[in-house]
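Okay, structure first, notes after.
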Amino acid sequence: MLFRGLRLALLVSPLSLHAAEPAVHEFRLDNGLKLLVQEDHRAPAVVSQVWYKVGASYEHGGITGISHMLEHMMFKGTEKHPPGEFSRIIAANGGRENAFTGQDYTAYFQTLEKTRLPVSFELEADRMRYLLLADKEFKKEQQVVLEERRLRTDDQPRAKMEEHFQSLAYTNSPYKNPVIGWPDDVGGLTVDDLKYWYGLWYAPNNATVVIVGDVNPQEVYTLAKKHFGPLKPSKLPEIKPRGEVEQLGPRRMTVHLPAKLPYLVMGYKTPALRTIGQEDWEAYALEVAAGILDGGNSARLSSRLVRGQQVAASAGAGYDLYSRLSNLFTLEGTPVQGKTLQALEKALREEIRRLQDESVSAAELERVKAQVLAHHVYQRDSMFYQAMQLGATETVGLGWKTIQEYVDKVNAVTAEQIQQVARKYLIDDRLSVAYLEPLPLPEGAKAPEETAPMGGDHVR
Amino acid sequence: MSVKRVSRCLVLLFLLISAPVYAVPEIQHWVSPQGGRIYFVPTEGLPLLDVRVVFDAGSARDAEKFGLAALTSGMLDTGAGDWDADAIAQRLESVGASLGTGVSRDTAWLSLRSLTHPEKLGVALETGREILARPRFEQKDFDREKNRTLLAIKQRGEQPDDLAEIAFFQALYGNHPYAHPQEGFTETVEPLTREDLVDFHKRYYVAKNAIVVIVGEVKRADAESIAEKLLSGLEQGAVSPALSAPEPIHSVETVKRPFPSEQTHVRAGLIGMTATDPDYFPLYVGNHILGGSGLVSRISEEVREKRGLSYNAYSYFMPLREAGPFQVGLQTRNDQAEEALRVALKTVKDFAANGPTDKELEAAKKNIIGGFVLRLDSNQKLTEQVAIVAFYNRPLDYLARFTEKVEAVTREDIKRAFRSRVDPDKLRTVLVGGGAK
């Protein structure tokens, strides 16, 4: 996921709603725009987010990164508001704003004192249909995005390695392409490409507006009708399935990059909740399996690999329940000094074997569930996070009600089910492995300092 | 009547009409029987509690053993009292509690989040008390954590931005305790022993050197017993001695370090202000305009929006107990590093010489004041803000009077403060990357 401005910490772990919890109010405008409102009256603030069903996984070869590029251009002016004015107006209203693009969505947000919500709606409605996309602004912003790519990927050994890993693991799924796009694709985009992309996807019937805060749902609905109601819907493109073909055997890759430490990533092809069909308990069992391995400091990877065997300096596991297409159950880690990538891989695979062969103890399972319950309350401390949950599940096609089911579904997972999914999905034929083997770098902090006055006016 | 005055009046009117006065939560303060300073804000609506214990035990207390404070903090939850790392983690996680520890240059902190359910909270607090008061620092845990720290230090060497940050602080602070990075260097961490950690803990993790921030859905009496319980194992001890002020800088200097990256990471700055600086508000509001308000700030406007030279260009003051840095930062393609730096520094110089325009100041005030509630709209943010007020001994009504202080800042205040503090003849500049040749 990429942010236009500074990176925000984003915790993608789920939440659910029980009886005593705030209700979600769902509305639909005549033009197809969906509105979700959740009340939170603890402080006089409001989070406003607009989610579009478009992201990197909607792109095809040659134009990768176009959704993210367009996200940047959404701040570059409409007929009514010249470039930069969007941000200035939000700032003058005490607001904070940004946007982010992922594989499955593009979203824009403002956080405001509650009476300023109309400002957000006026501006968001305006740029939903009336973006200018001027060539001069585009050329500059393209350079900014290329700088962003250098910063996030090209100069980050692990990020670069993971980019290569994704393109190894997937054969035809669009998840094989990075959200920010391949360098030549980003450099080759034109303003006409962006106009075409904007025309395809930016319409009220492809958007979900999510509001969480100190608001009255009916009033928000009225306000939404006023600002978004007049916008014309589009005939949206048909979404092609693009399902990943079956993997026919393990895949391996070694990446050589200037770096200080070796690094390992492994990924097993797994279905997501949305692609799993009737047996949705499998997705929740995979979610709990990830928690058994990496749900805190007492979980197996920390307890056994970092502390017990001391083979890993750090190790993690992850599974994304809420992706639009089938995804990967991942393991990653850094070996301690003196241990090899091979030794770390062996230890990680041993943990997978244990999930397959041994039943998880009742105490261990209870611990994962206790954390899920507690974190579910903690998440309600962040209005922004709650809006994220509503927007993401709605936009990938699961529907926001999915998050209300989360705690119950996780609680229903049994030790036997964890074993079953481990045997079914965490197998060699579904596995891809990548090693980062460092090439030498010049010594960093220890290097003799080359200290000399630079001269010239500009440093004075 | 000048145009300026008209617009100022309109601003105030606008705020009065459309931004109802937000009642900033009141901070309750007392001293625990052990001598710890307690700060409490009751909240309603969620059955959760955040506790943050902050010691004056950051990396500035390392003396020559750079990395000691960080390693001490990092080892707290690897064994305490009767429990090893697994037992501690299992206790906390079985009640869903979250524990974090960390250090800054000034502080070492422990944060604990728990449900208010009495049994769960009881387990979380008991665990927290043992971690604070009776960490084991066992040899085998120490060896492992030291090795992990050494690896993390090594990995830092693949991050040009980290290297730029380290070089910048060294260029600014020389031999001052703020000069070195919190995690230390390979050659200073390697010789550390577990006895160093035991001694550091004994000296600095003491009640009189602690503040405790409690935010959540509990009553005052509960908060009192929570604080007392948490600190009950600590010795009374003494507050940390004052740090020396950093040596003033009287020259321009540029450090260049080649690195095989596509971008050059740039830092420029000087010694800025303390957390209790009398010019805090003019400098804060001024920097908000200069480089502290994201994409609408002057530096971002010049470097990114007008010229497409960088993804992220900014400036900020980092107020610390003693004077922290003022820094300008950006990163850009190697061949345009000098150009981007020139643009950023020209922007700083212009601002330091002339200050903001009326329009800019007005916009900044609207942003800061209109958005003030967003700084406090969750228990977590409230906890962090109160911890800063508490640690730096700011007045208890600091948050309540924040917007009023911002409103009082004038263009002349900013101009005067920047002219005296941001002297272009004292700038230290660091470039790390392929452009640093």
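Note that the protein sequences, when read in sequence, are chains A and B. Number 419 in this note's numbering belongs to position 419 of the first sequence; there are no gaps in the numbering. Number 1348 in this note's numbering belongs to position 348 of the second sequence; there are no gaps in the numbering. Heads up, the beta-carbon is just placed ideally off N, CA and C, and yes, glycines get one too. Please read these numbers as outputs of a predicted model, since none were measured by experiment.
Inset, instruction - Look up B:P1160 in the DSSP assignment and say whether it is helix, strand or coil. - result: It is helical.
Legend entry - Contact the region 350-370 of chain A vs the region 172-191 of chain A: 3+ CB pairs below 8 Å: The region 350-370 of chain A is not in contact with the region 172-191 of chain A.
Inset, instruction - Using a Cβ-Cβ cut-off of 9 Å, state whether A:L441 counts as contacting chain B. - result: With respect to chain B, the C-beta atom of A:L441 has a partner C-beta closer than 9 Å.
Inset, instruction - With a threshold of 16 other CB atoms inside 10 Å of the CB of B:E1404, please say whether the residue is buried or exposed. - result: Exposed, since its Cβ has fewer than 16 Cβ neighbours within 10 Å.
Legend entry - Selected residue, minimal CA-CA separation from A:L426, among A:G267, A:G102, A:A92 and A:R380: Considering only A:G267, A:G102, A:A92 and A:R380, the residue with the shortest C-alpha distance to A:L426 is A:G267.
Legend entry - Proximity test, Cβ basis, 9 Å: A:Q420 and chain B: At a cut-off of 9 Å between C-beta atoms, A:Q420 does not count as an interface residue with respect to chain B.
Legend entry - Given A:Q38 as reference, the closest of A:V407, A:A159 and A:V215 once Cα atoms are compared: It is A:V215.
Legend entry - Beta-carbon contacts of B:L1092 that lie in its chain and below 6 Å, excluding the five residues immediately before and after: Contacts found: L1099 and T1127.
Inset, instruction - Compare the Cα-Cα distances from A:T254 to each of A:D155, A:N93, A:S303 and A:M161 and report the closest residue. - result: Looking at the Cα atoms, A:M161 is the closest of the given residues.
Inset, instruction - Find the residues of chain A that neighbour B:K1194, judging by a C-beta separation of less than 9 Å, and give them in chain order. - result: Checking the sequence shown, residue 1194 of chain B turns out to be Arg, not Lys. Those within 9 Å of B:R1194 in chain A number zero; the least Cβ separation is about 17 Å.
Inset, instruction - Output yes if chain A places a C-beta closer than 9 Å to the C-beta of B:P1047; else output no. - result: Residue contact check for B:P1047 against chain A: a CB pair falls below 9 Å.
Inset, instruction - Starting from A:S87, follow the alpha helix (DSSP H) in both directions and report where the run begins and ends. - result: If you look at A:S87, you'll find it in the alpha helix (DSSP H) that goes E85 to A92.
Inset, instruction - Please compile the residues from chain B whose C-beta is within a distance smaller than 9 Å of the C-beta of A:V144. - result: Residues of chain B whose Cβ lies closer than 9 Å to the Cβ of A:V144 are, in chain order, R1304, E1305, G1308, L1309, S1310 and Y1311.
Inset, instruction - Could you tell me whether any Cβ in chain B is nearer than 9 Å to the Cβ of A:G94? - result: A:G94 counts as touching chain B.
Inset, instruction - Below 9 Å between beta carbons is the criterion; list the residues of the region 1236-1259 of chain B that meet it against any residue of chain A, in chain order. - result: Correct list: S1251, V1252, E1253, T1254, V1255, K1256, R1257, P1258 and F1259.
Inset, instruction - Could you check what DSSP says for A:L426 in three-state terms: helix, strand or coil? - result: Here A:L426 carries a coil assignment [DSSP, helix/strand/coil].
Legend entry - Check whether B:R1105 and B:Q1182 have beta carbons under 9 Å apart: Result yes, Cβ atoms of B:R1105 and B:Q1182 sit closer than 9 Å.
Inset, instruction - Just the C-alpha distance for A:P440 and B:E1262, rounded to the nearest angstrom, thanks. - result: Computed Cα separation, rounded: 16 Å.
Inset, instruction - Taking only beta-carbon positions, decide if B:V1189 is within less than 9 Å of chain C. - result: Going by chain labels, chain C is absent from the structure shown, which instead holds the protein chains A and B.
Inset, instruction - Indicate whether at least one CB of chain B lies closer than 9 Å to the CB of A:M388. - result: By this cut-off, A:M388 is not an interface position.
Inset, instruction - Flag A:M74 as yes when its Cβ comes closer than 8 Å to any non-hydrogen atom of the ligand MN, and as no otherwise. - result: Of the ligands one can find in the structure shown there are none, so the ligand MN has no counterpart to examine.
Legend entry - Distance, B:Q1159 Cα to B:K1349 Cα: The straight-line gap from Cα to Cα measures roughly 29 Å.
Inset, instruction - Would you check if the distance between the CB atom of A:R158 and the CB atom of A:P183 is smaller than 9 Å? - result: Not closer than 9 Å, so no.
Inset, instruction - Using 10 angstroms around the beta-carbon of A:L248, count the other beta-carbons present and answer buried if the total reaches 16, otherwise exposed. - result: A:L248 comes out exposed.
Inset, instruction - Entirely within the region 1212-1290 of chain B and at least 4 residues each: give me those alpha helix (DSSP H) ranges in chain order. - result: Whole alpha helix (DSSP H) segments, 4+ residues: 1220-1231 and 1280-1287.
Legend entry - B:E1044 versus B:A1223: straight-line alpha-carbon distance, rounded: The alpha-carbon of B:E1044 is positioned some 14 Å away from that of B:A1223.
Legend entry - Any chain A beta carbon closer than 9 Å to B:R1401: The beta-carbon of B:R1401 is placed no less than 9 Å from the nearest beta-carbon of chain A.
Legend entry - Residues bridged to A:Y268 (per DSSP): Paired residue(s): A:F329 and A:L431.
Legend entry - For B:S1032, the three-state DSSP class (helix, strand or coil): If DSSP states are grouped into helix, strand and coil, B:S1032 belongs with coil.
Inset, instruction - Could you check the C-alpha separation between B:K1140 and A:V145 for me, to the nearest Å? - result: C-alpha separation (whole angstroms): 47 Å.
Inset, instruction - Please decide whether A:A19 counts as near chain B, where near means a Cβ-Cβ distance under 9 Å. - result: Low local confidence applies: a pLDDT of 36 at A:A19 is under 50, so the model's placement there is unreliable, with the coordinate-based value given in what follows. It does not; no Cβ of chain B falls within 9 Å.
Inset, instruction - Output the distance between the C-alpha atoms of A:L6 and A:K225, rounded to the nearest integer angstrom. - result: For A:L6, the pLDDT reaches just 34, beneath the cut-off of 50, and the residue's location in the model is therefore unreliable, although a value from the coordinates is still provided. Cα-Cα distance, rounded: 32 Å.
Legend entry - Residue-level contact to chain B via CB, A:E366, 9 Å cutoff: Yes, A:E366 counts as interfacial toward chain B.
Inset, instruction - Following the continuous alpha helix (DSSP H) through B:V1053, name the residue where it begins and the one where it ends. - result: Looking at the DSSP string, B:V1053 is not in any alpha helix (DSSP H); the run it does join, the beta strand (DSSP E), is L1048 to F1055.
Legend entry - DSSP three-state assignment for A:F461, whether helix, strand or coil: The structure shown does not extend to residue 461 of chain A, since chain A is modelled only from 1 through 460, so no value can be given for it.
Legend entry - Member of B:V1409, B:K1415 and B:N1379 whose CA lies at the smallest distance from the CA of B:F1040: Of B:V1409, B:K1415 and B:N1379, the residue nearest in Cα terms is B:N1379.
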